[in-house]
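The structure appears below as structure tokens.
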Amino acid sequence: ETVEISARETEAGRRAYELDRAHVFHSWSAQATLQPMTVLRAEGSYVWDGEGRKLLDFSSQLVNTNIGHQHPKVVAAIQEQAGKLCTIAPQHVNDARSEAARLVAELAPGDLNRVFFTNGGADAVEHAIRMARLHTGRKKVFAAYRSYHGGTHLAVNVTGDPRRVPNDFGDSGVVHFMPAYPYRSYFGSTTEAEETERALRHLEDMIVLEGPQNIAALILESVPGTAGIYVPPAGYLEGVRELTRKYGIVYIADEVMAGFGRTGKWFAIEHFGVVPDLITFAKGVNSGYVPLGGVVISEAIYQTFAERAYPGGLTYSGHPLACAAAVATIEAMREEGIVEHAAWLGENVIGPGLREIAQRHPSVGEVRGLGAFWAIELVKNRETREPMAAYGGSSPEMNELVAALKAAGMLPFANFNRIHVVPPLNTSEADVRRGLEIIDKALEITDRYVA
Ligand code: PMP
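What follows is the structure, given as structure tokens:
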């Protein structure tokens, strides 16, 4: 036990809460009714709330701290970089940026060897789409319903999540299609093979009807995260790659959440043996210790901007503190075998543990995932699959469940009718098992609402 919270710290936490409510405007929230949780400290797989209570972080802070909180090697690298050079304009060469780009290019599949750095995921998505539009001379973008790609203008418009709707004025050039989602098939499929075939036929029909000559890009999360961690059925991403190649469409794999080890491989798309044209990343690249995202670019798209200027940029592109954190994170993940540990946890602890939980609890409709990236989908009825909360909504049942998880000492990631099991990738087996026990016990609450 290295963390001790003093009375002075909890007092400072109370003051922070008051100031927050007076002056901080929060994301995606009704400001006056929000009751945010104060976090005083964090270490490894734990956070301490405003009262100094220790909570197991099964959220990884929006699926972000893949390497856990306050990893000493990453903290030291940031401190060292801060002592040397905190910031530099993007047009200058910087050793932290050069090394971070080399490492990301080395990890990325195929001929994706150039990195444009951004401040996070949404601007990575914006830039990837801009590159695709300039590369093809086309405008439309294909994106999946049931996706999340970010909160800025174009990124929220490509998003399929209902949070898009209040931001969508129909002028973004985005066309949404139904993705393969075996548990709630839009095509009435009863097997995965059928789902793959029907979802691909639907996608090709839409491409043809929308006019391939107008379609610049198709963006797809390799394993959709916020929308439900629904792993694509066999053959689906391979089929998407074939269709995009056939019609000259740039394939953007959004790996902002699934990338950097979350699924037990460096990039989730490696599970499917597919090489896209562009990859967007953020979060896990440096576990969010300093904001960083980016786009990894194929040789063909790089060549479009070899002689002609790329018309876009950001003051903080390749920020030294963020890049130093990325280099240290990637090196520590390699040295400590953290990606392998995530794969092992998924196969041996989380997967089997959740399948057992599903057998015991009638409110569990489905469990699914890879690595340290799993979802428990809760239903009121297993036959009809009626969700415990509507897609895009909340419900008293889900709120009660989340409160119980917190009371039992866990910080969960809850989204609509799902609890996501997304701890830091280097969480110990014992801590993961403890988390699963907390979930197992708490699900007695939702079981009571099963019809
Ligand atoms: N794409 C995906 C797949 C994401 O999960 C997210 C964030 N949850 C984003 C893009 C947006 O990233 P950011 O919030 O860093 O802008």
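If you use the UniProt record's numbering, the sequence shown corresponds to residues 28 to 478, in order.
Backbone N, C-alpha and C define an ideal beta-carbon position, used for all residues, glycine too.
Being a predicted model, the structure only gives us computed values, none of them experimental.
Look at the alpha carbon of residue i and the alpha carbon of residue j, and state the distance between them as a whole number of angstroms.
i, j, result
"residue 224", "residue 263", "8 angstroms"
"residue 106", "residue 316", "12 angstroms"
"residue 298", "residue 49", "47 angstroms"
"residue 258", "residue 311", "19 angstroms"
"residue 7", "residue 323", "Any answer about residue 7 is impossible in this case: the structure gives the chain only from 28 up to 478."
"residue 450", "residue 87", "5 angstroms"
"residue 108", "residue 123", "8 angstroms"
"residue 282", "residue 249", "6 angstroms"
"residue 40", "residue 82", "16 angstroms"
"residue 30", "residue 291", "29 angstroms"
"residue 320", "residue 70", "23 angstroms"
"residue 413", "residue 274", "38 angstroms"
"residue 436", "residue 229", "45 angstroms"
"residue 447", "residue 51", "27 angstroms"
"residue 391", "residue 461", "19 angstroms"
"residue 301", "residue 265", "6 angstroms"
"residue 214", "residue 226", "7 angstroms"
"residue 406", "residue 92", "29 angstroms"
"residue 329", "residue 163", "13 angstroms"
"residue 144", "residue 440", "27 angstroms"
"residue 307", "residue 54", "22 angstroms"
"residue 174", "residue 115", "35 angstroms"
"residue 166", "residue 427", "45 angstroms"
"residue 402", "residue 287", "19 angstroms"
"residue 422", "residue 350", "41 angstroms"
"residue 199", "residue 333", "27 angstroms"
"residue 459", "residue 289", "15 angstroms"
"residue 241", "residue 170", "14 angstroms"
"residue 429", "residue 239", "45 angstroms"
"residue 486", "residue 360", "With the chain covering 28 to 478 only, the question about residue 486 has no answer from this structure."
Note the first and the last residue of the continuous alpha helix (DSSP H) segment covering residue i.
i, result
"residue 242", "Run containing residue 242: none in the alpha helix (DSSP H); it sits in the beta strand (DSSP E), 242 to 248."
"residue 223", "219 to 237"
"residue 409", "Where residue 409 is concerned, there is no enclosing alpha helix (DSSP H), given that its DSSP letter is neither H nor E."
"residue 123", "122 to 134"
"residue 470", "456 to 474"
"residue 266", "263 to 273"
"residue 168", "Per DSSP, residue 168 belongs to no alpha helix (DSSP H); it is in the beta strand (DSSP E), 167 to 171."
"residue 162", "148 to 163"
"residue 46", "34 to 50"
"residue 374", "Residue 374 -> no alpha helix (DSSP H), and no H or E assigned at all."
"residue 350", "347 to 362"
Determine whether the beta carbon atoms of residue i and residue j lie at a separation below 8 angstroms.
i, j, result
"residue 267", "residue 305", "no"
"residue 243", "residue 160", "yes"
"residue 420", "residue 443", "yes"
"residue 469", "residue 432", "yes"
"residue 236", "residue 369", "no"
"residue 454", "residue 72", "yes"
"residue 294", "residue 135", "yes"
"residue 404", "residue 210", "yes"
"residue 203", "residue 187", "yes"
"residue 179", "residue 153", "yes"
"residue 303", "residue 121", "no"
"residue 45", "residue 67", "no"
"residue 280", "residue 151", "no"
"residue 64", "residue 47", "no"
"residue 260", "residue 219", "yes"
"residue 325", "residue 138", "yes"
"residue 32", "residue 79", "yes"
So residue i is in the beta strand (DSSP E); what residue range does that whole segment cover?
i, result
"residue 306", "305 to 308"
"residue 253", "Segment: none, residue 253 is in no beta strand (DSSP E) and carries neither H nor E."
"residue 73", "73 to 76"
"residue 442", "440 to 442"
"residue 447", "445 to 448"
"residue 90", "Not the beta strand (DSSP E): residue 90 falls in the alpha helix (DSSP H), residues 87 to 90."
"residue 393", "391 to 397"
"residue 145", "141 to 145"
"residue 70", "66 to 70"
"residue 279", "277 to 281"
"residue 82", "81 to 84"
"residue 320", "320 to 324"
"residue 203", "201 to 204"
Report back the beta-carbon spacing between residue i and residue j to the nearest angstrom; my notes put them in contact at under 8 angstroms.
i, j, result
"residue 246", "residue 270", "No, residue 246 and residue 270 are not in contact; Cβ-Cβ is about 14 angstroms, not under 8 angstroms."
"residue 185", "residue 194", "Rounded, the Cβ-Cβ distance is 11 angstroms, inconsistent with contact."
"residue 355", "residue 131", "Wrong, their Cβ atoms sit about 14 angstroms apart, outside the cutoff."
"residue 398", "residue 373", "4 angstroms"
"residue 117", "residue 339", "In fact, because the Cβ distance is near 11 angstroms, the residues do not count as touching under 8 angstroms."
"residue 465", "residue 384", "Incorrect: roughly 11 angstroms between the Cβ atoms, too far for contact."
"residue 438", "residue 196", "That pair is no contact at about 36 angstroms."
"residue 382", "residue 256", "About 15 angstroms; that fails the 8 angstroms criterion."
Strictly under 8 angstroms for the Cβ-Cβ distance: is residue i near chain C by that measure?
i, result
"residue 443", "No chain C appears in the structure shown, which is made up of a single protein chain."
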